[in-house]
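Engineer: Per my numbering: the sequence shown = residues 117 to 145.
First the structure, then my questions, so here it is.
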Amino acid sequence: MTIADLPNLWVPLALLGLILVAAIFFSRA
Numbered sequence: 117m118t119i120a121d122l123p124n125l126w127v128p129l130a131l132l133g134l135i136l137v138a139a140i141f142f143s144r145a
């Protein structure tokens, strides 16, 4: 893995994190 691959890895991880946070937030509300 090179540093150039990090941005391509962070984008889907960030989207996945946002989806998880939204799912937890709505399930508790």
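Even for Gly, the Cβ is constructed at its ideal location relative to N, Cα and C.
Run through DSSP, which three-state label would A139 get?
Structural biologist: Note: A139 maps to helix in three-state DSSP.
Engineer: Give me the Cα-Cα distance between V137 and A145, rounded to the nearest whole angstrom.
Structural biologist: Rounded to whole angstroms, V137 to A145 spans 12 Å at the Cα level.
Engineer: DSSP on A130, reduced to helix/strand/coil?
Structural biologist: Helix at A130.
Engineer: Run through DSSP, which three-state label would A145 get?
Structural biologist: The answer is coil: DSSP assigns A145 none of H, G, I, E or B.
Engineer: May I have the straight-line CA-CA distance separating D121 from V127, to the nearest angstrom?
Structural biologist: The alpha-carbon atoms of D121 and V127 are separated by roughly 11 Å.
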